[in-house]
Structure formats: structure tokens, C-alpha cells
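Here's the structure, in C-alpha cells; my notes come after.
In UniProt numbering, the protein residues as written are 1 to 210.
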């Protein structure tokens, strides 16, 4: 049986604006983020799904309201779909070079203070996806949307394609965008297809959401 999973990254947040290591830190969207989401809502085909979920962090819950509310009800919060836990690095500012050095070491498997390792994060992501699919199928739903984080989206796409971590930086996950994944539960969790969220005419956009 196939299952469609739509992963959407949250909008531009205070952590993005201030260039912070914001993983589990509960930073909100900025006004810029809210405005950009309202603009995306008019041109991106966010498909209808049977169930709708969000990471429990504010920036994802606020994104859900901007993109889908008030006509679509959030079915629940899924903390397992949180971003990487940056541990004692949480909310520390960094330059672009700092982030590049961090992720190069992190993807190579080097331990960094008390940060959640790539291996542990990858395992959490796969368990989160499998658990969500299992729960939805048990309730008779063959599709779901999750508003989540860039690190989780990149890791899900990497892991489900059986790619190595060197592919991780090449996966794009801009604010407010993401991927439509078709999964199969036969013989373990398997990715049948993936495609990015696509644009549509303004006339079609609202119908695509609702």
C-alpha cells in the first residue's frame, strides 16, 4: 500500500533572521516570514491530504496557520519531527562559514559537544516517518502533511533515497517549500517517488489547498 507524505518547511523565523543555531529552540516566525508564506500560498500547489500535522515548535505551528488555516484543522503535533537538537549550541549566532564548518563535521560523523549526531538524527527521522505512516494507515488515511524543519526534510530525502551524507547539502528546502514523497510500507519503508512542491496558477492555488 502506498502512502503520500508532504513535508513542508516552516517560514522565515527569528532564528533565520539572526543566523542562530535554532534546533529545539522555540523561535517564532518573523513578519517577513508570515508575508512570504501568504505570497507562497497563492502560487504553490499545497496538495490536500487526509491528515495534517506539525512539529510542536512555534515556527511550524504558525506556518501551518498561515498556509492552511483556518479552513483545515491541525490533527496533532509531532515532536519527533523537530529539527536537529543543537544542545549547548542552541541559539548561538553563527556566520555562514561557521555553519559550513559545523555541517561538514556533523555529516562526517564527528562528535560536536552535546549536539544530536547525524546518525542519531537520521534514525529519529526514519522512525518518525515510519510511525506517522503506520498511525495514519491504521486510521484509514493514505496521505498526510507535516510542517517541519529543513534539517529533517534534507535527512528524510537523503535517507529514503539511500544516499550518503555527502548528498545532504545538495538537497534544497527553502522556507515554506518542500517535497511530496510517495512511500511504500511493503518490505520495509521504501520511497517510490519524490517531487518538489510545484507552482500553479493563482486561480488553482486556493482549490489546491482546500
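Ideal Cβ positions, reconstructed from N, Cα and C, are used throughout, including at glycine. These figures come from a predicted structure and were not determined experimentally.
Taking all protein chains shown into account, decide if residue i is buried (16 or more other Cβ within 10 angstroms of its Cβ) or exposed.
{"i": "residue 81", "result": "buried"}
{"i": "residue 113", "result": "exposed"}
{"i": "residue 99", "result": "exposed"}
{"i": "residue 123", "result": "exposed"}
{"i": "residue 175", "result": "buried"}
{"i": "residue 127", "result": "exposed"}
Give the DSSP bridge partners of residue i, in chain order.
{"i": "residue 53", "result": "76 and 146"}
{"i": "residue 219", "result": "Beyond the ends of the chain as shown, which are 1 and 210, falls residue 219; an answer cannot be given."}
{"i": "residue 165", "result": "The partner list for residue 165 (beta bridge, DSSP) is empty, contrary to what the question assumes."}
{"i": "residue 3", "result": "183"}
{"i": "residue 29", "result": "13"}
Please state the DSSP three-state secondary structure of residue i.
{"i": "residue 115", "result": "coil"}
{"i": "residue 178", "result": "strand"}
{"i": "residue 22", "result": "coil"}
{"i": "residue 17", "result": "helix"}
{"i": "residue 99", "result": "helix"}
Residues in the same chain with beta-carbon distance under 6 Å from residue i, minus the five sequence neighbours each way, listed in chain order, please.
{"i": "residue 41", "result": "67"}
{"i": "residue 194", "result": "179 and 181"}
{"i": "residue 32", "result": "12"}
{"i": "residue 29", "result": "11, 13, 59 and 62"}
Short of 8 Å in beta carbon distance, which residues of its chain neighbour residue i, apart from the five on each side in sequence? Order them along the chain.
{"i": "residue 183", "result": "2, 3, 4, 5, 129, 133, 160, 189, 190, 191 and 192"}
{"i": "residue 46", "result": "6, 8, 67, 68, 145, 197, 208 and 209"}
What does a CB cutoff of less than 7 Å around residue i pick up in its chain, not counting 5 residues either side in sequence?
{"i": "residue 93", "result": "18, 19 and 20"}
{"i": "residue 49", "result": "4, 6, 143, 144 and 145"}
{"i": "residue 138", "result": "none"}
Just to check my reading of the structure: residue i and residue j have Cβ atoms closer than 8 Å, yes? What is that Cβ distance to the nearest angstrom?
{"i": "residue 148", "j": "residue 9", "result": "7 Å"}
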